[in-house]
Amino acid sequence: MNLIEIKNVYKTYTRKRFLSFGKKDETPVLKDVSLCLKENRVLGLVGESGCGKTTLSKIILGLEKASSGQVIVDGKDISKLSKAGFKHMRRLMQVIFQDPYSSLDPRMNVSQIISEPLDIHGLYKEKASRRKVLEDLLKSVGLSAEHLTRYPHEFSGGQRQRIAIARALALDPKILIADEPVSALDVSVQAQILNLLKEIKQKRRLSMVFVSHDFAVARFLCDEIAVMYKGLILEYAPAEDLFSNPQHPYTEALFSAVPVPDPARQKKREAVSLSSRSDMENHPCPFAARCAYACAFCQTPPFLKEVRPGHFCACAALPFKNKKSSFAV
Amino acid sequence: MLQNRIFKRFTRNKTSLVGLLLVCFFAFIALFAPVLAPVDNARNPYQMPQSSYAIEPQAPSASHWFGTTEQQYDLYYGVVWGTRFAFKIGITVTFFAFLIGLLVGSMAAYFGGKTDEVIMRLTDVVFAVPSLVLAMVIAAMLGPDIKNMMIALTAVAWPSYARLVRGDILSVKQRDFVTAARALGAGGPRIMLRHILPNSIYPSVVVASLDIGYIVLTAASLSFLGLGAQPGTADWGQLVAMARNWVLGTSGNTLAYWYTVFIPGGAIFLFVLGWNLLGDAFRDILDPRQG
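As given, the protein sequences belong to chains A and B, one line each in that order.
Using our numbering, the first residue of the first sequence is number 794, and each one after it goes up by one.
Using our numbering, the first residue of the second sequence is number 339, and each one after it goes up by one.
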């Protein structure tokens, strides 16, 4: 069953200028994005900074409105929900942010932070049961009851992210949107948080949308991965198939940039360069200017087509006859 | 953490300590004014006792510790009750200016767009006129009275708070914990009162502590010009105004009546200095960039 369905979502940011004389600055951020999240699966959104992955996650959460297109969560179009329906949607879907230093209110202690969702939705009002819920939540993210009275600044980045996860879990959601939850943490802590997310996902039978720019992180957690570039989805595939058979030149270039933990192999690998060519600026494919394969064949706008079972790729030049090498990780 | 920083600041930095001591000293005088200078006229303790109607000020003596000013008002009584008066004006005006600024600034930041534009341009208009001049005009229009003077001072003091609060709210609004609260289902008032205001109010508190001194100074200027407290009121500005004819002393002795200027003037000077140093200390303590 599809928990989240994203249908042809477009998002354009418009900046109105004072004294603009009718001119508008329009920046397209998402172009015709369609995706779905199945029950108890993890959907990864991967791409470089500014490709629209965070905007997409905000649109799913209803924190931003799509310019056109539909987002259907648990069978309901979120743009058509009433205020009460929207509030109910919050209990279904929760979020973890990238920066644990800015996602916790510095003037609230841990107890107040984790209590807030319960207060808003009027759950566990009785003192004893509230306390028990808070303690269980902290325990489930690897913290203990003694942390309840402390303030965010007394914790490390990893611990803060655990608090943020506990807050997201307080409403017992079915869907968790994780917006680069580990990219602000150092590598050893990243592993702990990733393990925690995986454990929680299995225990609570959660579905997740996992935003990341790190393929290694995405591979660990995701079942399906969508590769985004300039607001477009260039490739969408089951995680393992994507890693063993990357199709799009962009995915390939990104893989080539991920180092392999084997010096002998790493030395032989050749990075695909993403040089930018100014003569390709008006090309229908947004990636053409940086693409090593851009050629006369691909003068049509790219659209997602199934190249292998369940594996979609948006490149007009596929399949390549003269592929240089395979960069499967 | 905050307690530690406050303690560190005051033990390390001598000027902060001086500021704290000065303000505490004045607060003590204001609090114990009835003990330090027993009230003569119970109906209006701010009315200075007058021992005679003789014009010439009298030098400090056993019966008048600080001497007397024009028309024999006791300077000691005036300075002591003037301290209480200064606190009353400074705190009342700052409180209301803060409140109005907070309301206006948060409205501008919350509604944004055209509302913001209109509100902020209005505050700019108030900003554009020098505050002392504007306060004088308003006070003169309303008529010389203490209450009117306080209204005039409030009217010129609120825009700086409005601007500050608006800017801080706009920056806090961007932080992830506000988005997180929205994602949890929190409504507008809850986000404003629980998350945004508690995180954006501190800079304004610092400005308020600096402002108390400045407002007392402006109030003294208005009184000096005859737009505030009436003759005979225990008000520092009023006391300085009464010294106007005696500033030059007698021929050959310029400092003959020094006490009429230096005593109330010194009180104003030390009071404003104290609040300034204390405000500086608060600013550094609440500045997260200072470790």
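In this text, a Cβ means the ideal position worked out from N, Cα and C, and glycines have one as well.
Check                                                                                                                                      : Outcome
Exposure label - I476/B; buried when at least 16 CB within 10 Å                                                                            : buried
Run of the alpha helix (DSSP H) containing R997/A, from where it starts to where it stops                                                  : V980 to R997
Residue from I539/B, F425/B, S469/B and A473/B whose Cα sits closest to the Cα of L437/B                                                   : I539/B
Q443/B: first and last residue of the uninterrupted alpha helix (DSSP H) it sits in                                                        : Looking at the sequence itself, residue 443/B is Gly, so the reference to Gln does not match. Segment L413 to F449, the alpha helix (DSSP H) holding G443/B.
Partners in chain A for A524/B, counting only beta-carbon separations shorter than 8 angstroms                                             : E909 and I913
Contacts that H533/B makes with chain A (C-beta to C-beta distance below 7 angstroms)                                                      : D898
Cβ contact (3+ pairs, closer than 8 angstroms) linking the region 596-603 of chain B and the region 541-549 of chain B                     : no
Cβ of G629/B within 9 angstroms of any chain A Cβ                                                                                          : Unreliable placement is indicated for G629/B, whose pLDDT of 42 sits below 50; the coordinate value is still reported in the next sentence. No, G629/B does not count as interfacial toward chain A.
Simplified DSSP assignment, three categories, for Y909/A                                                                                   : Residue identity differs from the one stated: residue 909/A is Glu in this sequence, not Tyr. In the structure shown, E909/A sits in a helix (DSSP, three-state: H, G or I).
Cutoff 9 angstroms: Q954/A Cβ touching any chain B Cβ                                                                                      : no
Pick from G575/B, R347/B, M487/B and A478/B that is closest to V431/B, judged by C-alpha positions                                         : M487/B
Same chain only: Cβ atoms within 7 angstroms of H1132/A, ignoring 5 sequence neighbours per side                                           : Here chain A has residues from 794 to 1122 only, and residue 1132/A is not among them.
Neighbour flag for M1021/A against chain B, beta carbons, 9 angstroms                                                                      : no
9 angstroms Cβ cutoff met for L836/A and I1018/A                                                                                           : yes
Burial state of T349/B (16 or more Cβ within 10 Å)                                                                                         : exposed
Under 9 angstroms between C-beta atoms of Y1043/A and E1028/A                                                                              : yes
Element boundaries [beta strand (DSSP E), containing V839/A]                                                                               : V835 to G840
Which of helix, strand or coil DSSP assigns to A954/A                                                                                      : Per the sequence presented here, residue 954/A reads as Gln, with Ala not at that position. Helix.
Interface flag, R520/B vs chain A, CB-CB below 9 angstroms                                                                                 : yes
Residues in the region 529-561 of chain B having any Cβ partner in chain A nearer than 7 angstroms                                         : H533, P536 and N537
Contacts around S1118/A, its chain only, beta-carbon distance under 6 angstroms, and the 5 residues preceding and following it disregarded : Bear in mind that the predicted position of S1118/A carries a pLDDT of just 46, short of 50, making it too unreliable to give a figure here.
Residue nearest to V982/A in terms of C-alpha spacing, selected from Q995/A, I906/A, S842/A and V1010/A                                    : V1010/A
Pick from L987/A, Q1092/A and S861/A that is closest to A971/A, judged by C-alpha positions                                                : L987/A
Closer than 8 angstroms at the beta carbon, the chain B residues around F890/A                                                             : D514, T517 and A518
Contact under 9 angstroms by Cβ, R955/A with V926/A                                                                                        : no
Cβ pair L990/A, I958/A closer than 9 angstroms                                                                                             : yes
Endpoints, beta strand (DSSP E) assigned at V1002/A                                                                                        : S1000 to S1005
Members of the region 844-857 of chain A that neighbour chain B once the beta carbon cut-off is set at 7 angstroms                         : L854 and L856
Of the listed residues L535/B, L615/B and D412/B, nearest to Y391/B (C-alpha basis)                                                        : D412/B
Opposing strand residues paired with D870/A [DSSP bridges]                                                                                 : I865/A
Terminal residues of the alpha helix (DSSP H) in which N881/A lies                                                                         : Asn is not the amino acid found at residue 881/A; the sequence shown has His there. Its alpha helix (DSSP H) spans residues K876 to L885.
C-alpha gap between K1114/A and V866/A, whole angstroms                                                                                    : Reliability fails at K1114/A, whose pLDDT of 48 lies under 50, so the model's placement of it is uncertain and the value that follows must be treated cautiously. Each residue's Cα considered, the two are about 41 angstroms apart.
Three-state class that DSSP yields for M794/A in the structure shown                                                                       : coil
Delimiting residues of the beta strand (DSSP E) encompassing M1021/A                                                                       : E1017 to Y1022
Within chain B, the residues that S895/A reaches when beta carbons sit closer than 8 angstroms                                             : R513, D514 and F515
Interface flag, Q983/A vs chain B, CB-CB below 9 angstroms                                                                                 : no
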